[in-house]
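A.B. asks: There's a structure below that I have some questions on.
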Amino acid sequence: MTGAGRDVAAVVVTYHPEGDCAELLEALAGQCRWVIVVDNGSLPEELEPVRSACAAVGALLVELGRNTGIAAAQNRGVVEAERLGARWVLLSDDDSAPAEGMVSLLMTAFEAPGQRPVAAVGPLVGEDRGGRDQLVYVARRWGPRRATAEELGSPFLEVAFLIASGCLVDLHALREVGPMNEDLFIDHVDLEWGLRARRAGYRLLVVPRARMTHSLGDEVVRIPGRRQPVHMHGPVRNYYLARNTVALIRSGLLPVAWRVGYAVWITKYSAFNALVADRRGQRARALVEGLRDGLVGRTGPRP
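For the sequence shown, the UniProt record's numbering assigns the number 1 to the initial residue and increments by one for each residue that follows.
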């Protein structure tokens, strides 16, 4: 553990992990004082190797026994981190890989010059797969958009929101902003929290020198004429993305132009998944259900 991570607790959420997460846990244990793994209902045979990996590095394993959603699992991890005495919490998915020294670099951003305090900071997140793409989003007129190479050349970059995995959160700010929104269950949880943090007067920063690799979506496809790859999720995630996008548009957290931008995005997203992607019938049903439930205000896990 580095000196910069002495009061940092890493919270890793697992859900049917593909491996034992040993490499991730070792990396986090070397940079953070505590490591907490919150399991969202993985099968016993999936959890046993994770349990062994936790024991090897002294990580705390919290078994929830069922899928409570990413937001609820993160909130439970934060509770455990506060109980241990942490000052900051580093959120992580089980398929992420922090670079050496990432936490130390992230900590420097809390002292970055600026008029407003910093609620959370994140690394330059890149995908570790074909179609590799950076996942840093800055505020534009019509909503969050990918940062440019020039913007990523700055030591500290203010962003619209932070991808949850790799996000280092100041617990003082989290108490003021509030916990992750468990009603969303999964998808847009990090975006919604970031919107609340910015509304409360905080900044969200990325430290481009800090690096982490991460997987987003089930697969990545390239579309002719489109520079950025498209992240493909399964039909279940189609439901949550559709529902939670509508919920965000209706929440009052988005500026008017962003509401328009997200309305256009969910229209294109729905059309692509229902008409072009594989399993079109399943996707179309999930999207219709999600849009309907978003309009009527239904939240939580998909019925």
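From the three backbone atoms N, C-alpha and C, an ideal C-beta is built for every residue, glycine too.
Computed from a predicted structure; not experimentally measured.
#1: Does the region 67–85 come into contact with the region 29–42, if we say contact requires no fewer than three beta-carbon pairs (one atom in each stretch) closer than 8 Å?
#2: Between A86, G58, D93, which lies nearest to H16 when the distance is taken from Cα to Cα?
#3: By a C-beta neighbour count over all protein chains shown, 10 Å radius and 16 as the cutoff for buried, is E31 buried or exposed?
#4: Is it buried or exposed for P255, if we count other Cβ within 10 angstroms and need 16 for buried?
#5: Could you give the DSSP three-state label for A119: helix, strand or coil?
#6: Measuring CA to CA, which of S251, A263, L287 is closest to P235?
#7: Find out if the Cβ-Cβ distance for the pair F185, Y240 is shorter than 8 Å.
#8: Could you compute how far the alpha carbon of I163 sits from the alpha carbon of A263?
#9: On the criterion of 16 or more Cβ atoms from any shown chain inside 10 Å, does S165 qualify as buried, or is it exposed?
#10: Drop a sphere of 10 angstroms on the beta-carbon of P98, count the other beta-carbons inside from all chains shown, and report buried for 16 or more, exposed for fewer.
#11: Tell me the start and end of each unbroken beta strand (DSSP E) in the region 75–156 that is at least 3 residues and wholly inside, in chain order.
#12: Report the rounded CA-to-CA distance for L43 versus V79, giving the unit in angstroms.
#13: On the criterion of 16 or more Cβ atoms from any shown chain inside 10 Å, does T148 qualify as buried, or is it exposed?
#14: Going by C-alpha distance, which of A257, N273, F272, D293 is nearest V246?
#15: Using the three-state DSSP reduction, which class does E18 fall into: helix, strand or coil?
#16: For the 8 Å Cβ check, are there 3 or more pairs between the region 205–216 and the region 149–157?
#17: Can you tell me the Cα-Cα spacing of G77 and D133, whole angstroms?
#18: Would you say S96 and L24 are within 8 Å of each other, going by their C-beta atoms?
#19: Just checking my contact of V125 with V11 at CB under 8 Å: how many whole Å lie between their CB atoms?
#20: Look up A200 in the DSSP assignment and say whether it is helix, strand or coil.
#21: Taking the C-alpha atoms as reference points, what is the distance between V138 and L91?
C.D. replies: Walking through what the data contain:
#1: yes
#2: D93
#3: As written in the sequence, residue 31 is Gln, which differs from the Glu given in the question. Under this definition Q31 is a buried residue.
#4: exposed
#5: strand
#6: L287
#7: yes
#8: 21 Å
#9: buried
#10: buried
#11: 88–93, 118–127, 137–140, 143–146
#12: 24 Å
#13: exposed
#14: D293
#15: coil
#16: yes
#17: 28 Å
#18: yes
#19: The Cβ separation is near 17 Å, so there is no contact.
#20: coil
#21: 20 Å
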